[in-house]
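Visitor: Structure provided below as structure tokens; questions to follow.
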Ligand code: SDX
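Residue numbers (the working numbering): 12 to 441.
In structure tokens form, the structure reads like this:
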């Protein structure tokens, strides 16, 4: 990578800071020496102009609506590949050969069971506990079971922990769902592919055979591909920061799940469907568009807008196509929620407020309609997002751990509190 310098002048003193260029995308000014040379910090609370790391995994061009996993466009991966192939690509940087894919699938498949004592873990939860609360707890608790894969300095242990998390997330997610509806847990079946196995663990019951619908399994597998990674989003940055302290990988992924839960992030798919249900019919859309534009109203159109995409989220396009595919397969001719979503999108995209602020549908706008049609309750939508994003979190965490220059993340601040003052006894406080 070629490099030049950038001059920063502070109090008539100029410092030269190195500029680093990537393979594509914006260059960066390396400010790591700024404080030492000027005694000043930079200030960027939402990290809107700050690169926290160098990475080779995922590239997003927000203006052009481009998303690449290790250089491959998301629409090509979604069209031609499967989720475990995408997992291999994100983890190892290249698409697998047939032999590598078979070996990877075999290894993941044979880690899908969880320690049977995990079942007892669930009995401590209320049946109506939010499944994301259960996932945060259970994924963190994996470090209580797998002491042989928590030493992050051992590449073999990092690989085993990674396999275990990719393999066990569907099992734990299905257990969280089954527990919430009072049905018995369903064990994984090794002869099924990853996503078919997950659908069976969610929807099979002991009383009858369950046949996976291949169209739905393919659609969900594609949805997992769309959610697999997304550069340095809030939950990935949480995983990296947690990992920078040397915390074990299970604890780091649990931290990522907790962050993803927020409605501004992965929780938006659940919030978007609830919003569509609240709007109910297309004739009520103008009322909600007005609320979204009203500065004094905290309401936002859920599933709209993005920190990086200032164009259509390429994942949303593929998601919309998948929605129609699933509804057709299920014989759902007119879904009122889809009618509201399509009409809402058309109105918003012509409205000056959304055009000027470059607010487009994001991946969470259509996903809820698809997942609801498949039979998942809204409370499970973000769990499915976490299931798919686990490989992205792990790939990013591994990249950080393997970076020889990696240090603990420790941001500074702009302090605007009280200056030093002496203690006052309670008697003197009036
Ligand atoms: C995900 O980062 C990632 O990559 C995330 C993700 C991933 O794969 O990991 O892509 C997944 O989290 C997708 C985003 C899901 N969230 C939502 O759909 C929630 C609704 N959208 C927003 O709350 C918002 O758009 C964010 C959180 C997504 C982005 O927020 P930003 O970048 O901080 O933008 P902002 O809040 O500063 O908004 C800029 C302006 C503001 O108006 P002004 O103060 O400038 O007048 O746009 C307005 C906002 O009020 N705005 C919206 C809006 N989103 C932004 N107004 C109405 N409805 C919205 N949805």
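Think of the CB as a built atom: it goes at the ideal place given N, C-alpha and C, for glycine as much as any other residue.
1) Are residue 251 and residue 407 close, meaning C-beta to C-beta below 8 Å?
2) I want to check one thing, is the minimum distance from the CB of residue 75 to the heavy atoms of the ligand SDX below 7 Å?
3) Check each candidate in 173, 212 and 317 and name the one with the smallest Cα separation from residue 190.
4) Check whether the Cβ of residue 375 lies closer than 7 Å to any heavy atom of the ligand SDX, and answer yes or no.
5) Keeping to the same chain, check which residues put their C-beta closer than 6 Å to that of residue 201; ignore five residues upstream and five downstream.
6) Round the Cβ separation of residue 398 and residue 176 to the nearest angstrom and send it over; I've been treating them as touching at under 8 Å.
7) State the start and end residues of the unbroken alpha helix (DSSP H) segment that holds residue 380.
8) How should residue 76 be labelled, buried or exposed, when 16 other C-beta atoms within 10 angstroms of its C-beta is the threshold for buried?
9) Tell me which same chain residues have a C-beta within less than 7 Å of the C-beta of residue 55, skipping the five on either side of it?
10) Rounding to the nearest angstrom, what Cα-Cα distance links residue 429 and residue 208 in this structure?
11) Pick helix, strand or coil for residue 18, following the three-state DSSP scheme.
12) Assuming residue 115 and residue 107 make a contact with CB atoms under 8 Å, what is their CB distance in whole Å?
13) What are the complete beta strand (DSSP E) segments, minimum 3 residues, inside the region 329-359?
14) Check whether the Cβ of residue 276 lies closer than 7 Å to any heavy atom of the ligand SDX, and answer yes or no.
15) In this structure, does DSSP put residue 237 in helix, strand or coil?
16) Classify residue 320: buried if its beta carbon has 16 or more other beta carbons within 10 angstroms, exposed otherwise.
17) Any chance the CB of residue 244 is under 7 Å from a heavy atom of the ligand SDX?
18) Using only the alpha-carbon positions, how far apart do residue 325 and residue 239 sit?
19) Count the other C-beta atoms from every protein chain shown that fall within 10 angstroms of the C-beta of residue 12, then say buried if there are 16 or more, exposed otherwise.
Guide: The short version:
1) yes
2) no
3) 212
4) yes
5) 120
6) Their Cβ separation, rounded to whole angstroms, is 10 Å, which puts residue 398 and residue 176 out of contact at 8 Å.
7) 375-385
8) buried
9) 61
10) 57 Å
11) strand
12) 6 Å
13) none
14) yes
15) helix
16) buried
17) yes
18) 14 Å
19) Unreliable placement is indicated for residue 12, whose pLDDT of 46 sits below 50; the coordinate value is still reported in the next sentence. Exposed, because fewer than 16 other Cβ atoms sit within 10 Å of the Cβ of residue 12.
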